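Going line by line, the protein sequences match chains A and B. Residue 9 is where the first sequence starts when you use the working numbering, and the numbers rise one by one after that. Residue 17 is where the second sequence starts when you use the working numbering, and the numbers rise one by one after that. For glycine and all other residues, C-beta sits at the position ideal for the given N, C-alpha and C. Just so it is clear, the structure is predicted and the values come from calculations on it, not from any experiment. Have a look at the structure below before the remarks.
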Amino acid sequence: MKLKVLPPTLRKNNRYLTLDIKSVSQLTKDELVNIIWDNCVRFQGECNTSNFNLWVMKFYEIGKTDDFIHYKSIVRCQRDFTEDVRSALALVNKYNSKNISITTIGLSGTIKSSEKFI
Amino acid sequence: MFFDLNIKGSSLENNIKLAMEASNYGWEHINFSYNQNDFQNALNLKEDLKENLKDTINFDYTLEIESTNINEIRKNVNKFRNKALCISVVGGDLKVNRSVLENIKIDVLSRPYLKRYDSGLNHILAKEAANNNVAVELCFKDILRSYLAPRAKVISNFRDIYTLYRKFDFPLILSSRAESIFDIKTTHDFISVFKQTGLTDEEIDKSFKTAENILEFNKNRSNLIFKGVRRVDDEA
Chain A
9 MKLKVLPPTL
19 RKNNRYLTLD
29 IKSVSQLTKD
39 ELVNIIWDNC
49 VRFQGECNTS
59 NFNLWVMKFY
69 EIGKTDDFIH
79 YKSIVRCQRD
89 FTEDVRSALA
99 LVNKYNSKNI
109 SITTIGLSGT
119 IKSSEKFI
Chain B
17 MFFDLNIKGS
27 SLENNIKLAM
37 EASNYGWEHI
47 NFSYNQNDFQ
57 NALNLKEDLK
67 ENLKDTINFD
77 YTLEIESTNI
87 NEIRKNVNKF
97 RNKALCISVV
107 GGDLKVNRSV
117 LENIKIDVLS
127 RPYLKRYDSG
137 LNHILAKEAA
147 NNNVAVELCF
157 KDILRSYLAP
167 RAKVISNFRD
177 IYTLYRKFDF
187 PLILSSRAES
197 IFDIKTTHDF
207 ISVFKQTGLT
217 DEEIDKSFKT
227 AENILEFNKN
237 RSNLIFKGVR
247 RVDDEA
């Protein structure tokens with residue numbers, strides 16, 4: 009049986025971060041999920057990360073250059089914790105000993121409006 | 017205005033890549049830093065770089081002196097003072113930290129906490145920095161490239177410096193010291209990381225203004241007769 013949907017006043021308020029990801033190696037969406045969770049837990053701690061309500065909504069491969077493969081992604085987080093999430097993600101620099109860089113290029117209240125940064 | 021006074025300069029192609037990326041991410045002015053051995057060669061690249069980065073981003077050069085010999089630092093400062101818009105010295109050694117903060121000809125003491133177990137600054141050095149208007153530089157790369165305990169120690173050193181900064185109000189600047197495009201982040205991300213370490217919005221804004229002021233001050237340095245006296249041309 010499915011839980012009944014909460015009324016709007018009791019729902020969590022979300023924000024959607026558009027991430028710009030540069031990676032030397034190929035990435036999948038599952039790997040990105042791991043990277044985001046690991047780095048949030050590492051930088052902000054388990055207790056703080058529990059507030060973030062993180063979810064990778066969309067994941068796009070944009071293109072390849074000689075130096076890196078370029079991805080973009082939309083990640084959901086809770087309204088009052090966007091600064092905490094973006095600082096944790098900005099400090100990602102290695103995955104499987106390969107260079108990776110994540111930076112937030114957009115912040116919006118809906119997935120639709122965050123797609124304009126893609 | 018978002019100023020980054022320390023992006024590691026290298027070849028022309030790499031500099032262009034870094035500048036383009038910085039421009040995309042919202043930076044308005046960057047300084048490529050070269051050490052005393054490469055600075056003269058880098059000056060030859062400047063015209064080509066100007067041509068390529070026209071209408072993209074403002075840039076200039078920082079001379080980054082890396083030495084533990086105080087006399088060598090002094091000689092290099094005197095040699096390059098008229099050629100470099102910003103002179104910074106890499107800190108970490110206590111003698112270097114002190115001599116740099118006492119030298120009014122130097123603009124920036126970069127990373128006084130480098131390879132140390134403490135912040136490399138105390139109340140006496142902080143007073144000297146404020147008196148001689150030498151800025152203390154904190155680098156984003158030191159947090160980015162470290163992890164777990166070393167990262168915690170770097171942040172702890174930053175916090176010690178913030179405490180002294182709030183009491184003595186010496187110039188503080190924040191820079192990325194990016195070496196590759198993987199180290200450049202958006203200005204908002206850069207700010208949010210420093211906010212997490214304990215700086216306030218106003219202090220971060222002030223640090224960008226300080227960087228701008230250093231460049232402005234050095235443009236007029238030739239007119240400076242001695243501290244507090246400047247030659248002016250306007251006939252008022």
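For this session: At 7 Å on the CB atoms, spell out the chain A contacts of B/Lys66, in chain order.
Result: As a first step, residue 66 of chain B is located in the second sequence; it is residue number 50 there, counting from the start. By Cβ distance, chain A contributes nothing, its closest Cβ being about 24 Å from B/Lys66, past 7 Å.
Exercise. Taking DSSP as the reference, what is the three-state secondary structure of B/Glu44?
Worked result: Position 28 of the second sequence, counted from the first residue, corresponds to residue 44 of chain B. It is coil, neither helix nor strand.
Exercise. Using a C-beta cutoff of 8 Å, does A/Ile113 count as contacting chain B?
Worked result: To locate residue 113 of chain A, count along the first sequence from 1; it is residue 105. Yes, because at least one Cβ of chain B sits closer than 8 Å to the Cβ of A/Ile113.
Problem set entry | Cβ-based burial, A/Pro16 [other Cβ within 10 Å; buried from 16] | Here the question's residue 16 of chain A lines up with position 8 in the first sequence. Label assigned to A/Pro16: exposed.
Problem set entry | Start and end residues, alpha helix (DSSP H) containing B/Phe96 | Here residue 96 of chain B refers to the residue found at position 80 when the second sequence is read from its first residue. It spans 86 to 96 - the alpha helix (DSSP H) in which B/Phe96 sits, taken as one unbroken run.
Problem set entry | Separation of B/Asp176 from B/Lys131, as counted between CA atoms | Start at 1 with the first residue of the second sequence, and residue 131 of chain B comes out as number 115. Start at 1 with the first residue of the second sequence, and residue 176 of chain B comes out as number 160. Their backbone Cα atoms lie some 15 Å apart in a straight line.
For this session: Answer with buried or exposed for B/Ala165, where buried requires no fewer than 16 other C-beta atoms within 10 angstroms of its C-beta.
Result: Numbered from 1 along the second sequence, position 149 holds the residue referred to as residue 165 of chain B. Exposed is the call here.
Problem set entry | For B/Ile281, the three-state DSSP class (helix, strand or coil) | Coverage of chain B is limited to positions 17 through 252, which leaves residue 281 of chain B absent and any answer about it impossible.
Problem set entry | Helix, strand or coil at A/Ile126 according to DSSP, with G and I counted as helix | Locating residue 126 of chain A in the first sequence gives position 118, counting from the first residue. Coil, per DSSP.
Exercise. Name the chain B residues whose beta carbon is nearer than 7 Å to that of A/Asn107?
Worked result: Looking up residue 107 of chain A in the first sequence gives position 99. Near A/Asn107 (Cβ distances below 7 Å), the residues of chain B are Phe198.
Exercise. Looking only at its own chain, which residues have a Cβ that is under 6 Å from the Cβ of B/Glu144, when we skip the five neighbours before and after it?
Worked result: Position 128 of the second sequence, counted from the start, is the residue given in the question as residue 144 of chain B. Counting only Cβ-Cβ distances below 6 Å, and skipping sequence neighbours, we find Leu117, Glu118.
Exercise. By Cβ distance below 7 Å, which residues in the same chain neighbour B/Phe18 in space, the five residues on each side in sequence not counted?
Worked result: Stepping through the second sequence from its first residue, residue 18 of chain B is reached at position 2. The residues are Gly42, Trp43, Glu44, Thr203, Phe224.
Exercise. Nearest to B/Ser39 by CA position, among B/Asp71, B/Ser26, B/Arg114, is which residue?
Worked result: Indexing the second sequence from 1 puts residue 39 of chain B at position 23. Taking only the C-alpha atoms, the option nearest B/Ser39 is B/Asp71.
For this session: Confirm, please, whether the CB-CB distance from A/Ile29 to A/Lys80 is below 8 Å.
Result: As a working note, residue 80 of chain A is residue 72 in the first sequence. As a working note, residue 29 of chain A is residue 21 in the first sequence. Yes.
Problem set entry | Cross-strand partners of B/Asp76 (DSSP beta bridge) | Looking up residue 76 of chain B in the second sequence gives position 60. According to DSSP, which records beta bridges pairwise, B/Asp76 is partnered with B/Asn47.
Exercise. Residues in the segment 12 to 46 of chain A with C-beta within 7 Å of chain B's C-beta atoms, listed in sequence order?
Worked result: Lys30
Exercise. Is it right to say B/Gln52 is buried, meaning 16 or more other beta carbons lie within 10 angstroms of its own, or is it exposed?
Worked result: By one-based count along the second sequence, residue 52 of chain B stands at place 36. The residue is buried, with at least 16 neighbouring Cβ atoms inside 10 Å.
For this session: Please name the residue in B/Cys102, B/Lys201, B/Gly214 whose C-alpha comes closest to that of B/Leu21.
Result: Translated into the one-based positions of the second sequence, residue 21 of chain B becomes position 5. The shortest C-alpha separation from B/Leu21 is found at B/Cys102.
Exercise. Roughly how many angstroms separate the alpha carbons of B/Glu37 and B/Ile46, rounded to a whole number?
Worked result: Stepping through the second sequence from its first residue, residue 37 of chain B is reached at position 21. Stepping through the second sequence from its first residue, residue 46 of chain B is reached at position 30. Approximately 11 Å between the Cα atoms of the pair.
Exercise. Run through DSSP, which three-state label would B/Asp123 get?
Worked result: Numbered from 1 along the second sequence, position 107 holds the residue referred to as residue 123 of chain B. Three-state DSSP puts B/Asp123 in coil, outside helix and strand.
Exercise. Do you know whose CA, among B/Lys24, B/Ser238, B/Ile207, lies nearest B/Val106's CA?
Worked result: Locating residue 106 of chain B in the second sequence gives position 90, where the first residue counts as 1. Ranking B/Lys24, B/Ser238, B/Ile207 by Cα distance to B/Val106 puts B/Lys24 first.
Exercise. With A/Leu99 and A/Thr112 assumed to form a contact (beta carbons below 8 Å), what rounded beta-carbon distance in angstroms separates them?
Worked result: As a working note, residue 99 of chain A is residue 91 in the first sequence. As a working note, residue 112 of chain A is residue 104 in the first sequence. Not a contact, Cβ separation roughly 12 Å.
Exercise. To the nearest angstrom, how far is it from the Cα of A/Glu91 to the Cα of B/Gln212?
Worked result: Numbered from its first residue, the first sequence carries residue 91 of chain A at position 83. Numbered from its first residue, the second sequence carries residue 212 of chain B at position 196. Each residue's Cα considered, the two are about 8 Å apart.
For this session: Output the residue ranges of the alpha helix (DSSP H) runs that lie fully inside the segment 19 to 100 of chain A and measure 4 residues or longer, sorted by chain position.
Result: 37 to 52, 54 to 57, 90 to 98
Problem set entry | Neighbour-count burial assignment, B/Val245, 16 or more Cβ in a 10 Å radius | Residue 245 of chain B sits at position 229 when you count from the first residue of the second sequence. So B/Val245 ends up on the exposed side.
Problem set entry | B/Asp185 beta carbon less than 8 Å from that of B/Ala151 | Position 135 of the second sequence, counted from the start, is the residue given in the question as residue 151 of chain B. Position 169 of the second sequence, counted from the start, is the residue given in the question as residue 185 of chain B. Against a cut-off of 8 Å, the Cβ pair of B/Asp185 and B/Ala151 comes out as no contact.
Exercise. Could one say the Cβ of B/Arg161 lies closer than 8 Å to chain A's Cβ atoms, at least one of them?
Worked result: Within the second sequence, numbered from 1, the residue matching residue 161 of chain B stands at position 145. So, interface residue.
Exercise. Rounded to a whole number of angstroms, what is the C-alpha to C-alpha distance between A/Lys20 and A/Met9?
Worked result: Here the question's residue 20 of chain A lines up with position 12 in the first sequence. Here the question's residue 9 of chain A lines up with position 1 in the first sequence. Going from the Cα of A/Lys20 to the Cα of A/Met9 covers about 22 Å.
For this session: Taking 8 Å as the threshold, find out whether the segment 192 to 203 of chain B comes into contact with the segment 227 to 237 of chain B through three or more Cβ pairs.
Result: no
Exercise. Where does B/Asp205 land, buried or exposed, given buried means 16+ other C-beta within 10 angstroms?
Worked result: Within the second sequence, the letter at position 189 stands for residue 205 of chain B. Flag for B/Asp205 reads buried.
Exercise. Which of helix, strand or coil does DSSP assign to B/Glu82?
Worked result: For the purposes of this step, residue 82 of chain B is taken as the residue at position 66 of the second sequence. Coil.
Exercise. DSSP state of B/Asp301, grouped into three classes?
Worked result: For chain B, the structure presents residues 17 to 252; residue 301 of chain B sits outside this window and is missing.
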